[in-house]
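A short write-up of the structure that comes next.
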Amino acid sequence: MRRVSPLLPMGGLNGSVCKRLPFEDEAVQAESRYGKVLPPNTILEVAMTATATRPVAIKIDEDIKARVKRLAEARQRTSHWLMREAITQYVDREEKREAFRQDSLKAWEAFRANGLHVTADEADAWMAQLEQGNDIEPPECHV
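This note's numbering applies: residue 1 is where the sequence shown begins, and numbers increase by one.
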């Protein structure tokens, strides 16, 4: 049975195709003596391998570095935490923006193919009813 190392995409214990990491030999020996510590495919095993992180270097100017440091101190966090949070929020936001863009392109192509639409006046009247608390169906699309 071949298991994948959390640190090497194509590596792993027992017959790695990549360079073996120093801990792998010890892990193989311990596993042969004591059995597998974590049962395969358990939530804990998956969580431990899924959250493995790898260092990434970025180049930022001194001004940004100082601003990040000041903000991190004000938030009582590390600069590392602040940068990870900023990147996570940026990626989440941009993924949503890209999904919206893709949906818009699909809607445009559907409109070009069939011509179905509602007018701005129809949409405004429907939204005005919703604002007044009237739960009404949206207007019917037409050509």
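Built from N, CA and C at the ideal position, the CB exists for glycine as well.
Which residues in the same chain as Trp-81 place their Cβ atom closer than 8 angstroms to its Cβ, once the five residues preceding and following it in sequence are excluded?
Ala-72
Quick one: what's His-80 bridged to in DSSP?
Its beta-bridge partners do not exist; DSSP assigns none.
Excluding the 5 residues flanking Ser-79 on each side, which residues of the same chain have their C-beta closer than 7 angstroms to its C-beta?
Val-68, Lys-69 and Ala-72
Cβ-Cβ separation, Leu-116 to Cys-141 (assumed contact under 8 angstroms), whole Å:
4 angstroms
May I have the straight-line CA-CA distance separating Gln-132 from Ala-123, to the nearest angstrom?
14 angstroms
Own chain residues within Cβ distance below 7 angstroms of Arg-101, not counting five before or after
none
8 angstroms CB neighbourhood of Asp-121 in its chain, flanking five on each side removed
none
Going by the C-beta, is Lys-106 closer than 7 angstroms to any heavy atom of the ligand FMN?
With respect to the ligand FMN, the structure shown offers nothing to examine, as it has no ligands at all.
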